[in-house]
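Line by line, the protein sequences are chains A and B.
Per the numbering used here, the first sequence starts with residue 2, numbered consecutively.
Per the numbering used here, the second sequence starts with residue 2, numbered consecutively.
The structure appears below as structure tokens.
Number of protein chains: 2
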Amino acid sequence: MQDQTPSIKPDRPLYQVVIDTIVDRIASGALQPGAMLPSETQLGAELGVSQGTARKALIDLEQRGLVQRAQGRGTFVRIQTPESALFNFFRLRGRDGDRPTPVLQHQEMRQRAATEIETKTLHNAPKQVFEIKRLRALPGKDRVHEIVCVPCTLFPGLKDRAPLPNTLYVVYQQAYSCIVVRAEEQMRPLAADAATARALGIAQGESILRIDRVAYDALDRAVERRTSFIHATEHSYDVTLR
Amino acid sequence: MQDQTPSIKPDRPLYQVVIDTIVDRIASGALQPGAMLPSETQLGAELGVSQGTARKALIDLEQRGLVQRAQGRGTFVRIQTPESALFNFFRLRGRDGDRPTPVLQHQEMRQRAATEIETKTLHNAPKQVFEIKRLRALPGKDRVHEIVCVPCTLFPGLKDRAPLPNTLYVVYQQAYSCIVVRAEEQMRPLAADAATARALGIAQGESILRIDRVAYDALDRAVERRTSFIHATEHSYDVTLR
DNA sequence: TATAAGAAGTCTTATACAAGACTAGTTCAT
DNA sequence: ATGAACTAGTCTTGTATAAGACTTCTTATA
């Protein structure tokens with residue numbers, strides 16, 4: 002009855018079309034981090050929708066953390082700085098809630114075959130992954146030992162970029178247009194076994210926190226798996242539930 | 002120059018007025034949990050704004066978790082069920098991500114003077130608090146020992162409501178119109194001392210997870226402090242970062 | 001039991017105007 | 001001549017409104 006027009010009628014609302022367009026442009030690198038987006042009016046004219054519809058799309062993107070907006074200034078692709086990345090995805094805090102600056106003490110990277118679970122959970126079912134092992138020191142005696150895994154297909158040439166900085170997510174965005182917007186974590190308390198105790202420089206059997214994280218980008222792709230072993234006596238891991 | 006009209010010109014936008022009106026009605030109990038709100042059109046007419054403005058307010062309230070909306074059905078005050086409360090604020094998950102049902106094994110409540118930090122951080126700077134100690138069992142050998150603290154002024158007569166159910170937040174809402182919408186948590190790994198080991202029924206020195214939580218209601222009041230000691234070998238604590 | 005019409009709700013889109021931010025002049029004092 | 005301060009203009013996002021489409025549920029009817 003209503004399929005009179007076999008034409009270009011998409012079954013999704015117009016603002017969703019606008020959202021998808023912008024997300025594609027950011028993910029493809031056409032819109033670089035920090036770049037200014039077209040204004041609501043321009044964007045609407047460009048895509049054949051009203052300013053209000055373009056606006057609704059931009060607000061949605063802002064809430065998803067992909068862009069930042071300011072009245073009178075414009076809309077900009079959110080730029081991942083070391084500060085913002087640490088603030089959002091490195092949740093260790095000092096006693097007074099202040100944010101410590103982790104110091105990279107050791108780091109090594111290699112390419113290896115993906116494990117079964119990595120192939121199953123990471124984007125594109127990768128056969129090969131880059132594995133980054135590193136040790137980070139916090140003020141005082143606290144330490145973090147991390148094992149990071151990313152698909153080689155998503156981050157080609159990552160191995161040649163060594164030494165990698167403290168905040169990997171900045172590299173993901175700036176070099177690969179991959180913006181991490183969400184991460185799911187599983188935490189469990191643990192007694193340090195021999196290997197991790199040695200890596201962390203603590204006694205075997207000490208209580209540590211193990212965190213398994215899967216990070217997702219703007220396209221909702223699982224782009225990274227990461228396991229952290231945290232020895233925290235003077236710091237706590239802070240999160241907000243909603 | 003512009004205060005020609007000493008009248009009813011609030012310096013906040015109209016949609017904010019609508020938001021505050023609804024929040025007040027919910028917090029005062031005029032709108033009970035599960036109750037249907039006026040439609041966008043009705044609400045707009047009632048408060049002298051357009052349907053679109055009322056709609057903007059309702060969408061904001063939905064995102065804050067205060068109401069639930071469904072096209073064609075209407076808008077309803079979010080009802081805290083044992084399931085939703087556990088899903089949102091009890092983050093322990095089994096190996097497969099399935100949600101365990103904790104079993105209340107022991108519980109006791111008493112009224113006592115508030116500690117300095119409780120007076121400082123909780124709403125209304127209470128002098129007296131109710132303290133609830135309880136032990137919850139998970140499938141397998143995992144256990145949770147909790148110490149919950151709430152101001153007596155906010156929850157008068159809570160002591161007479163014993164035995165309290167598994168999910169306190171349902172009681173807060175149904176009996177006191179206090180909807181917990183957010184919680185901030187600090188986690189740290191710990192070796193169980195003698196007292197907590199006894200409470201949890203484990204050996205002293207075993208690794209446990211300590212979580213200090215402050216819960217906030219719809220009015221952004223700190224309504225509860227809670228410390229949990231978690232013995233988790235077969236479960237993990239799952240959160241999402243953004 | 002199935003179907004259709006209607007009522008009541010939210011959802012989408014468009015338009016008008018207000019308010020903030022930046023720029024380019026212009027003015028005025030030095 | 002130079003520099004600071006003001007101002008008008010223009011570009012941006014923010015707020016408010018209205019009209020019609022779409023969804024869900026109920027009720028009447030075959």
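We treat Cβ as the ideally placed atom computed from N, Cα and C, and that holds for glycine.
query: Reduced DSSP secondary structure (H/G/I, E/B, other) of A233 (chain A); result: coil
query: Backbone secondary structure at P152 (chain B) - three-state DSSP; result: strand
query: T241 (chain A): contacting residues in chain B (beta-carbon distance under 8 Å); result: R183, A184, E185, E186
query: Distance CB(T83 (chain B))-CB(T168 (chain B)) smaller than 8 Å; result: For the sequence presented, residue 83 (chain B) should be read as Pro rather than Thr. In contact: P83 (chain B) and T168 (chain B) (Cβ atoms closer than 8 Å).
query: Secondary structure of S208 (chain B), DSSP reduced to three states; result: strand
query: For T54 (chain A), the nearest candidate out of A:A163, A:T42, A:Q64 (CA to CA); result: A:T42
query: Per-residue DSSP class, three states only, for A195 (chain B); result: helix
query: Proximity below 8 Å, CB of E186 (chain A) to CB of L242 (chain B); result: yes
query: Chain A residues whose Cβ lies nearer than 8 Å to that of A192 (chain B); result: E207, S208
query: Alpha-carbon to alpha-carbon, T122 (chain B) and I231 (chain B); result: 24 Å
query: Option nearest S29 (chain B) by Cα separation, candidates B:V149, B:L220, B:V224; result: B:L220
query: For A31 (chain A) and D12 (chain A), the rounded distance between their alpha carbons; result: 26 Å
query: Pairwise C-alpha distance: V50 (chain A) and F91 (chain B); result: 44 Å
query: Residue(s) in a DSSP beta bridge with H146 (chain A); result: A:L136, A:F230
query: Short Cβ contact (8 Å threshold) for Y217 (chain B) with V182 (chain B); result: yes
query: Contacting positions in the region 77–107 of chain A - beta carbon closer than 8 Å to chain B; result: N89, F90, R92, R94
query: Test: A233 (chain B) CB closer than 8 Å to a CB of chain A; result: yes
query: Range of the contiguous alpha helix (DSSP H) that encloses L169 (chain B); result: 169–177
query: Residue from B:Q72, B:S40, B:P14 whose Cα sits closest to the Cα of Q251 (chain B); result: A question about residue 251 (chain B) goes unanswered here, because the residues of chain B that appear run from 2 up to 243.
query: Distance CB(R214 (chain B))-CB(R199 (chain B)) smaller than 8 Å; result: no
query: Classification of F88 (chain A) by the beta-carbon crowding that lies within 10 angstroms, buried from 16 upward; result: exposed
query: With 16 other Cβ atoms within 10 Å as the buried cut-off, status of I212 (chain B); result: buried
query: Bridge partner(s) assigned by DSSP for G75 (chain A); result: A:A71
query: Proximal residues to L159 (chain A) (C-beta, below 6 Å), its chain only, five neighbours per side dropped; result: F131
query: Chain B residues whose Cβ lies nearer than 8 Å to that of S237 (chain A); result: Q187, M188, R189, D213
query: Proximity below 8 Å, CB of L105 (chain A) to CB of R65 (chain A); result: no
query: Contacting residues, own chain, Cβ-Cβ under 6 Å from Y45 (chain A) (five flanking each side not counted); result: A small fix is needed here, since residue 45 (chain A) is Gly in this sequence, not Tyr. Excluding sequence neighbours, G45 (chain A) sits near S51, Q52, A55.
query: Run of the alpha helix (DSSP H) containing V19 (chain A), from where it starts to where it stops; result: 15–29
query: Exposure label - R144 (chain A); buried when at least 16 CB within 10 Å; result: buried
query: Y16 (chain B) to A114 (chain A) span [Cα, whole Å]; result: 55 Å
query: Per DSSP, cross-strand counterpart(s) of L159 (chain A); result: Looking at the DSSP assignment, L159 (chain A) forms no beta bridge with any residue, so it has no partner.
query: Status (buried if at least 16 other CB within 10 Å, exposed otherwise) for K57 (chain B); result: buried
query: CA nearest to the CA of G35 (chain A), picked from A:Q72, A:D25, A:V78, A:V19; result: A:V78
query: T6 (chain B) versus T116 (chain B): straight-line alpha-carbon distance, rounded; result: Because T6 (chain B) carries a pLDDT of 33, less than 50, the predicted location of this residue cannot be relied on, and the following value inherits that uncertainty. In a straight line, the C-alpha of T6 (chain B) is about 49 Å away from that of T116 (chain B).
query: Residue(s) in a DSSP beta bridge with R253 (chain B); result: A question about residue 253 (chain B) goes unanswered here, because the residues of chain B that appear run from 2 up to 243.
query: Enclosing alpha helix (DSSP H) for L220 (chain A) [first to last residue]; result: Taken as a continuous stretch (DSSP letters only), L220 (chain A) belongs to no alpha helix (DSSP H), as it is neither H nor E.
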